[in-house]
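Every number in our numbering is 65 more than the matching position in the sequence shown, counting from 1. Following: one structure in structure tokens, then a few remarks.
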Amino acid sequence: MLRKTSRIIITVFIAAVLTWGTAFADKSPKIKIASVGWTGVTIKTELAVAVLDSIGYDAQNLTMSVPITYMALSKGDVDFFLGNWMPTMANIANKYFENGSVIQYTANMPGAKYTLAVPSFCMAQGLKDFKDIVKFGDELDWRIYGIEAGNDGNQVIQSMIDKNMFGLGKFKLVASSEMAMLAQVQSFAQQNKPIVFLGWAPHSMNERIDMSYLTGSTSETFGGDDGTATVWTNTRKGFDKDMPNVATFLKNFTFPIAMINQIMTSLHTQKGLSPRDAGLLWLKQHPDTYRGWLKNVTATDGKPAAPVFAIALENVGE
């Protein structure tokens, strides 16, 4: 009887140790970040993951479409999103802002641009403004090129077609990935064939392609200021109260246009470089940026976050 009791006690003890060990190993607070696969948003998201992981969190980059992103935020399935381009995402995002299920938390990149563009030689031919597109319908094969299905820019283009805005009723939207669209643009540009496509800045396309942005955008399309945009950080409802330390980080987590342009250029010129490594190499050369991001932010063990992240950066590029 004594031996049986001893075996039971030992078994219970081992089970308790294993359970405690598993719980202890899984103590890092989890953070789920929505991303949409665009180069700029991917860079921002990967940098957020790298910073948060280094200071004790378990951050995940979850790629999904724009509509699914807002559904996930509204249900609390993801914590935040760094790619809310406004005003063009208003038709998708505003209903969630209005019902309070998604919070437009802070502007992370003002001074961006998102509108229709053409190879620059088209401007000399007279394709300069939205109202000029229809005049070139035959040369354009009655097509406007967008990115992935469900994207806000695509929705704006489709709305312009459906409502026959600027006489575009005969046009067709061609949806594809960012990479496929840009490959098509480069191919057409090399042949001096006109093409109208979704363009934005910051992005390396502005250096890789001799391109120009069309004028004539309206408040119903890409905004009344010829596509000038602000990119916002959105969070799920209550995130700032659930994770105030990370919320402080997000308030600080802003991006100069020049920074993203430089990182994108390095991605294009250095083959095999990942968005995360390209961003981290840039931060290693510009420590004041991450120090600003981590002002008044702590690691999960209570230590100041900036020195902890600095240590994690030491081996990048070595």
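We treat Cβ as the ideally placed atom computed from N, Cα and C, and that holds for glycine.
Boundaries of the beta strand (DSSP E) harbouring L147: 145-151, taken from the DSSP string. Residue environment for T286: buried (at least 16 other C-beta atoms within 10 angstroms of its C-beta). Distance from the CA of Y355 to the CA of L112, rounded to the nearest whole angstrom, comes to 10 Å. Counting along the chain, S331 sits inside the alpha helix (DSSP H) bounded by residues 322-334.
In this structure, the alpha-carbon of G211 lies about 46 Å from that of G367.
Look at the segment 135-197 and you find these whole runs of beta strand (DSSP E), each 3 residues long or longer: 145-151, 167-184. For D203, the secondary structure class from DSSP, reduced to helix, strand or coil, is coil. S282 is bridged by DSSP to nothing; it lacks a bridge partner. From the listed residues T104, P267, G102, F145, the smallest Cα separation to F304 is found for F145. Cα atoms of Y161 and A177: separation of roughly 23 Å, rounded to the nearest angstrom. Uninterrupted beta strand (DSSP E) stretches at least 3 residues long and entirely within the segment 248-274 occur at 262-266, given in chain order. Counting C-beta atoms within 10 angstroms of its own C-beta, Q220 has 16 or more neighbours from the protein chains shown and is therefore classed as buried.
Per the C-alpha coordinates, the member of N310, S284, P184, V311 positioned closest to Q249 is P184.
Counting only residues of its own chain and dropping the five nearest sequence neighbours on each side, W103 has a CB closer than 8 Å to the CB of G148, I212, E243.
Within the same chain, Cβ atoms closer than 7 Å to the Cβ of M151 are found at A294, T295, W297, the five residues on either side in sequence being excluded. Annotation for W358: the continuous alpha helix (DSSP H) segment containing it runs 352-358. Pairwise C-beta distances place the segment 308-327 in contact with the segment 156-175, as three or more of them are shorter than 8 Å. R208 has its alpha-carbon roughly 8 Å from the corresponding atom of G202.
Pairing G281 with F195 gives a Cβ-Cβ distance under 7 Å. The beta-carbon distance between S130 and V101, rounded to whole angstroms, is 7 Å. This is short enough to meet the 8 Å contact definition.
Bounds of the beta strand (DSSP E) holding T300 are 293-301. When only Cα atoms are considered, T334 and I328 end up about 10 Å apart. Here D118 is not near K95, since their CB atoms are 7 Å or more apart.
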